[in-house]
Amino acid sequence: MGRPAPDQRRRHQRWFACRFLGRALPRRRRDRAGRHGRRAGLWPRRPTVSLPSFALNSRTFVLFAASAALLFGALTFDSMSRREDPEIVIRSAKVETRWPGATARDVEELVTRLLEEEIYGIEEVKEIQSTSRAGQSILSVELEDDITDIDQVWDKMRADLATVQSSLPSGCGSPVVNSNFGDVSAVVLAVSQVPPPGRDAIERAYSHAELEDFAEQLEDALLAVDSIGAVTRMGGQKEQIYLEVDAADWAQLGITRDALAQTLDRRNTIASAGRIQDGRQALDLRTSGALDDLGSVLEVFLDGEAERAPVMIGDLPAELRRGFVEPQSYGVRFGTPEHQASAAIVLAISMKAGRNIVAMGEEIDAVVARVQSSQLPPDLAIQRVNDLPRQVDGLVSDFVDNLWQAVLIVLVVAGLLMGPRPSIVMAAAVPLSMVTALGFMPMFGVELEQFSIASLIIALGMIVDNAIVVSDNCVRLLNEGKPRRQAMIEGASNLASPILVSTLTTVFAFLPLLTLSGSSGEYMRSLPIVVSLTLVLSWLVAMTVTPVFCFWFLKEQKKPAPQSVKAAATDAQAKKKDERAFYESLIEACLERKFIPIGLALVALYGATSLVPAIGSQFFPAGVRDQIFVHVDLPEGVSFDATRQIVEQVEEVVVETSADADGRERLKNYVSFVGTGGPRLMLTMSPEDGRLGYAFVLINTDQATDSQEWIPQLRGALASIPGARIDVRRFSLGPPLAQPVEYRLSGTDPQVLRDAAEEMIAQMRAVPGMRDPQQNWMNSAYELRLDVDQEAASLAGLSNAQIASSLDVLLGGSTLTTVRDGEDRIPLVLRLRPEQRASAFDLDAVFVEGASGKIPLSAVAATTAQWSPAIIKRINQQRTITVGARVEDGYLATQLSAEIQPQLQEIVDALPPGYQLEERGEVYETTKSQGEFGGALGLSLLLILAVLTWQYNSLAKALIVLMAVPLALIGALLGLYLSGWPLGFMPMLGIVSLAGVVINNSIILIDFIEEGVRGGTPLRQAISRAGMARMKPIVLTTLTTIGGLLPLALFGGPMWAGMAYAMMMGLAVSTALTLLVTPTVYALFAERFGMRVVADPNAA
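To convert, take the position in the sequence shown, counting from 1, and add 1339; that gives the working numbering.
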């Protein structure tokens, strides 16, 4: 088919405008012959009803629908799912493999490499990071961002790893895949002992077993809550029974470890002895003999030699005792300002998907109160150490407060500029649009979290603008003398098309964010959905509810006689005339010298963009939260007791510095996770891998602002503790970053990597603003090596495996059997006495078991000490050491990285070929996010340009409208510079929202210009009149939006302040520029470049 003729296209456009945008369809004469044989005459006009006309004809229905929408939104808001962060898919898993006794090099070569090769063959795998340390291999596996069925990938990986088991060294355990560590522990409860009521001290401390029994009762009660997904118990110690022998005595005994285990297994058996049929009753006969206490173990007879009588274990020169697993590998401590830290059991509670976290918190409170009053002793305390329900409840409360503040500010500002009646009309549109959007959000799978709330705040400016534009146009037409009904219909209908186009441009600015894949797309998924939904609803409200409210609240203006008008002129009216005369003279001057205002705008834009380096960039700022995080790192190879002693010193410093300058107590409570990273407290915080030399201390403060004041004091006081690297951190918004400034150095030789890393650390220490530079390979470890004399061992009938096994039995312990204690089974472990396991010099007294009996270790092997890598880290099968630093307050990581990067590159350039430096940290995340947003931004511009071109049927006019966006950028960058906030993710979203408001103003301004020209007014006069007509609503939109954002700027904290300042200053600057520069550019294109202002209806 051929292309439609121009007049046919115009008919289609007029028909669409009539049917959907409320414009009147002009009459048109038919040709003389007529179509379908009809006589010449007029087209039969099809009756049309616009949205504003329909609303005014059905005012009762509109009121009912608006009330129902408010009720629907309010009820949905009360019941909808709430959480702190959006729910995202964690595409990571950890693979842990233990090989007791192996060095870090052995683990890397014989275990880690093998597992990496197998996992890297899975096509869905994106990155593998591995850590090889003595006796342990840990692999962190990350999948590609577009993978959604992650469980299938993990199952495939488990199956592949199972095939590798036979290739692993002897004594190496099976690889264990953990893919469930991404669950956030919304509530963490600490169960600990406190002095009884009325007492100052604890009379009898509960054992670990007793504390765990109490915690288990609470756990059982919590699992009955429907919204709770899982409860993880931490801090409990597993019990063991130890049979500890002296090395010399054990050597003289005529029994081996295997023989002892077999004897105990034969004794510790309950077997069926048959069944006795006694008439109608059948009786099962079973033997007794199960080991159920220490006494039963001591009474076990050992098989002696032929010339010796059997002896009982109780007669052996050994000690049998019941205790906990030794050496202890992890523990939890809890303390308050009033009570010193002591052992505690922690319950980490996660929520089911799609549930209300605030309601879950209330249910947990009820369960805790019931269990504590009815099942637990009075000297047992249950306290929250992580409370996301309270955080989310505060977040939602702040949003509601900001919403009502915005409505109040709209009322006040609009009332001052337009009177009380129009202000009520405008203020009604804000809660109606937002609350209705809340009702529809669950239908799109959107929960109430910080990004969906941010979306509503971002849309605030556009919602206010739509209401103001329609209300002001209705007031203008009413003041011109048109009947009230006609003024309401035309006031909304005339702006239906430009407001719809401006709404679509803003929607298309955000909607392409849905194309982002992976965690970034899931994290921000609610943003484009909620913004688009809210803006579309605001357009419907502007076309239906706003005209009805204007009809009810606005009064028709009486036409006074000319003499009375003159006599009744007030000072305000005279001032208004002066303002119009001033603007008219200003716009005329701009139109006469077009290149001057355009040139000044370009200079201002250049000046604003030149501020970007001074402003700096930051992906997400540090947050304000009533929590402080302390990370304690000790050298690799230290014991649990050494780490616990350092943690006790940290706890003392926390309590000593807890009072502020006025003596107010800032500390609420604290919990220390020793040897483990603890639970995942929030989505943006990934816990560290557990190890003996690591501890994590969570400090809860009385107020959120306490953390900002207290952290510098803590850093200074904790710096005096020797033997550990202690890092005090605050809550950080956005994705987790190990360190803001971070570099990866990859190569082959571990020593070269370590030496280069130390040089890089020295360079970082010299840069002001960088704090605590470090590398992640830790220190070298001092290890003992057992050199076996192969000839002597062969003569003694001993193999290397037998020697290693014998030593592991006596030093590490070997499980002989299990002893039953009710429902629990406690391992019975054979090992040497503690004093003989504490020193390397006692190894000479150890005997190893061989085919010909027990042989002194010194006869077949000698021990030597040496230094070796404690940790070897690899990324994607290549040895990689990471060097990084934290950033002092007042500095930006991006600026510090730019300063240090050339110096680090010089160090790497001096290394042998094959060594590479990669920049990570905040710079990498920012660059990565900008790259991901690049495609979405390109699609946004294409869609916006398409909508504007469709609206004007002119590419030039579309570009004129888009030129208004840089005008908003001038003020936004100036606002960030003056307020001191960097250019980050949230300010960029604010600039996009700001561009929507500016585009809206430009579209309606051009529409007014063309309406005047269409009515026969000369172009320049039409520009002047359009500017004067649009000046009031533009100024009103600016003032009301700035007022609505002011509470966010002052009290919104780091999450909102930068965005609010960018939008406020951007609106203020763009208001003046839009009223002057946009009309000037429009006139330039029309007068100099021949742009057609209004389409000629008679053109072919």
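Here a beta-carbon is modelled for each residue, glycine too, at the ideal position from N, C-alpha and C.
Burial state of residue i (16 or more Cβ within 10 Å)
i               : result
leucine 2022    : buried
valine 1515     : exposed
aspartate 1972  : buried
glutamate 1701  : exposed
glutamate 2188  : buried
tryptophan 1743 : exposed
asparagine 2292 : exposed
aspartate 2163  : exposed
glycine 1938    : exposed
tyrosine 1945   : exposed
leucine 1941    : exposed
alanine 1645    : Legend: pLDDT at alanine 1645 = 49, less than 50; position of this residue unreliable, no value from coordinates given.
threonine 2380  : buried
methionine 1765 : buried
arginine 1362   : At arginine 1362, the pLDDT of 44 sits below 50, so the modelled position is not reliable and the matter cannot be decided from this model.
glycine 2429    : exposed
glutamine 1591  : exposed
methionine 2403 : buried
histidine 1375  : The pLDDT assigned to histidine 1375 is 42, lower than 50, so where the model puts this residue is not dependable; a value taken from the coordinates is nonetheless given after this. Flag for histidine 1375 reads exposed.
alanine 2101    : exposed
serine 1546     : exposed
Beta-carbon spacing of residue i, residue j below 9 Å
i               : j             : result
methionine 2099 : leucine 2250  : no
isoleucine 1429 : glycine 1521  : yes
alanine 2034    : alanine 2120  : no
proline 1867    : leucine 1879  : no
valine 2080     : glycine 2260  : yes
proline 2326    : leucine 2072  : no
methionine 1773 : alanine 1753  : no
isoleucine 2338 : valine 2420   : no
alanine 1768    : valine 1884   : yes
leucine 2315    : alanine 2401  : yes
leucine 2037    : valine 1969   : yes
leucine 1528    : arginine 1672 : no
Residues bridged to residue i [DSSP beta-bridge criterion]
i                  : result
serine 1431        : Glu1481
histidine 1970     : Phe2035 and Asp2066
methionine 2021    : Met2024
serine 2220        : A quick correction: the sequence has isoleucine, not serine, at residue 2220. Partner(s): Leu2084.
alanine 2200       : Val2127
isoleucine 2211    : Ser1471
glutamine 1722     : Ala1529
phenylalanine 2186 : Pro2195
Endpoints, the alpha helix (DSSP H) within which residue i is located
i              : result
lysine 1495    : 1489 to 1503
histidine 1547 : 1547 to 1561
valine 1951    : 1951 to 1954
valine 2304    : 2303 to 2318
glycine 2382   : 2358 to 2390
aspartate 1539 : Looking at the DSSP string, aspartate 1539 is not in any alpha helix (DSSP H), and its letter there is neither H nor E.
Boundaries (first-last residue) of the beta strand (DSSP E) holding residue i
i                  : result
alanine 1683       : 1681 to 1690
glutamine 2255     : 2255 to 2258
valine 1530        : 1526 to 1532
aspartate 1999     : Looking at the DSSP string, aspartate 1999 is not in any beta strand (DSSP E), and its letter there is neither H nor E.
phenylalanine 2012 : 2006 to 2013
serine 1635        : Taken as a continuous stretch (DSSP letters only), serine 1635 belongs to no beta strand (DSSP E), being part of the alpha helix (DSSP H) at 1633 to 1637.
phenylalanine 1783 : Here phenylalanine 1783 belongs to no beta strand (DSSP E), and DSSP marks it neither H nor E.
leucine 1655       : Where leucine 1655 is concerned, there is no enclosing beta strand (DSSP E), given that its DSSP letter is neither H nor E.
9 Å Cβ cutoff, residue i in contact with chain C
i            : result
alanine 2184 : No chain C appears in the structure shown, which is made up of a single protein chain.
>> As an exercise, report each continuous alpha helix (DSSP H) stretch of at least 4 residues that is fully enclosed by the stretch 2062 to 2127, in chain order.
In response: If we require 4 residues or more, the alpha helix (DSSP H) runs fully inside the stretch 2062 to 2127 come out as 2089 to 2104.
>> Please give the ranges of any beta strand (DSSP E) in the stretch 2031 to 2058, keeping only runs that are unbroken, at least 3 residues long and fully inside the region.
In response: The qualifying runs are 2033 to 2040.
> What are the start and end residues of each continuous beta strand (DSSP E) run of 3 or more residues lying completely inside the stretch 1401 to 1472, in chain order?
Replying inline: Contiguous beta strand (DSSP E) elements confined to the stretch 1401 to 1472 occur at 1431 to 1437 and 1464 to 1472, taking only those with 3 or more residues.
> Fully enclosed by the stretch 1573 to 1616, which beta strand (DSSP E) runs are 3 residues long or longer?
Replying inline: Runs of the beta strand (DSSP E) inside the stretch 1573 to 1616: 1578 to 1584.
>> Which runs of the alpha helix (DSSP H) at least 4 residues long sit entirely within the stretch 1796 to 1834? Give them in chain order.
In response: Fully enclosed alpha helix (DSSP H) runs of 4 or longer: 1799 to 1818 and 1823 to 1832.
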